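Per the working numbering: the sequence shown ends with 100, consecutive numbering throughout.
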Amino acid sequence: MDSAFTDLLRPHLRFLSTGEPLAADASLRDLGLTSMQAIEVMFDIEDRYGVSLDDEQLNDVTFSTAEHLWRAVDQARTSSAA
């Protein structure tokens, strides 16, 4: 994960304290990410990285942790660059 990605997620995680690092394996739901905010995160990802996640990636596993979501974003970036 890069710092721009964690900065993108941070405003959507109301239970992540300011200055607290975002652990790659932390549950995004436990940190306050709701299904509605997940949609906002997708729009933010599209704006920041210029990629869209495939429909099969729009699931609970992808949005379970920052690491899972980052892998999906990174895969989309790699696919779009090819």
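Backbone N, C-alpha and C fix where the C-beta goes; we use that ideal spot for every residue, glycine too.
It should be emphasised that the depicted structure is a prediction, and the values quoted were computed from it without experimental measurement.
Might you give, ordered along the chain, the residues of its own chain that have their beta carbon closer than 6 Å to the beta carbon of residue i, omitting 5 neighbours on each side?
i          : result
residue 26 : 62, 66
residue 64 : 70
Using beta-carbon positions only, say whether residue i and residue j come within less than 7 Å of one another.
i          : j          : result
residue 50 : residue 33 : yes
residue 71 : residue 56 : no
residue 48 : residue 85 : no
residue 69 : residue 95 : yes
residue 81 : residue 31 : no
Return helix, strand or coil for residue i, following the three-state DSSP convention.
i          : result
residue 23 : helix
residue 32 : coil
residue 87 : helix
residue 43 : coil
Under a Cβ-count criterion, where at least 16 other Cβ atoms within 10 Å of its own Cβ denotes burial, should residue i be classed as buried or exposed?
i          : result
residue 36 : exposed
residue 83 : buried
Kindly list the residues whose CB is nearer than 8 Å to the CB of residue i, restricted to its own chain and excluding five residues on each side of it in sequence; keep chain order.
i          : result
residue 79 : 86
residue 28 : 34, 40
Fill in: Every unbroken alpha helix (DSSP H) within the region 45-85, with a cutoff of 4 residues, ordered by chain
53-67
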